[in-house]
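Data first, discussion second: the structure below is written as structure tokens.
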Amino acid sequence: MLVRLVRLALGTKTSARLTMKNLSDVEATQMRTIQAGMARSPTWLIPSDITRWQEKAIEIFA
633 MLVRLVRLAL GTKTSARLTM KNLSDVEATQ MRTIQAGMAR SPTWLIPSDI TRWQEKAIEI
693 FA
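Start counting the sequence shown at 633; every next residue gets the next number (the working numbering).
So this is what it looks like as structure tokens:
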């Protein structure tokens, strides 16, 4: 059921299996910025190489 909603939100006609495969291929590297002081440094998630379709999915579900 959830995959159907994802396919509807993305406007894709691909199969549920291929849709989930494409979404699971999105990986991100966590980078910690350098900050002075005792507070914990904030982190940023930097995506690896992603397709335009995956970029659209990230924008929709972010």
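From the three backbone atoms N, C-alpha and C, an ideal C-beta is built for every residue, glycine too. In this text the structure is predicted, and so the values were computed from the model without any measurement.
Query raised in the report: Smallest Cα separation from Q662: which of E687, P674 and M652?
Result: Stepping through the sequence shown from its first residue, residue 662 is reached at position 30. Per the Cα distances, P674.
Report task. Check each candidate in L655, V635, L677 and G669 and name the one with the smallest Cα separation from W685. Result -> Here residue 685 refers to the residue found at position 53 of the sequence shown. Residue nearest to W685 within the set L655, V635, L677 and G669 is L655 (criterion: CA-CA distance).
**Report entry** 6 Å Cβ shell around E659 - same chain, five flanking residues per side excluded
**Finding:** Counting from one through the sequence shown, the residue named residue 659 turns up at place 27. Taken in chain order, the residues that qualify are S680.
Report task. Thinking L642 and I692 are a contact (beta carbons under 8 Å), I'd like their distance in whole angstroms, please. Result -> Numbered from its first residue, the sequence shown carries residue 642 at position 10. Numbered from its first residue, the sequence shown carries residue 692 at position 60. Taking 8 Å as the upper bound for CB-CB distance, L642 and I692 are in contact here, some 7 Å apart.
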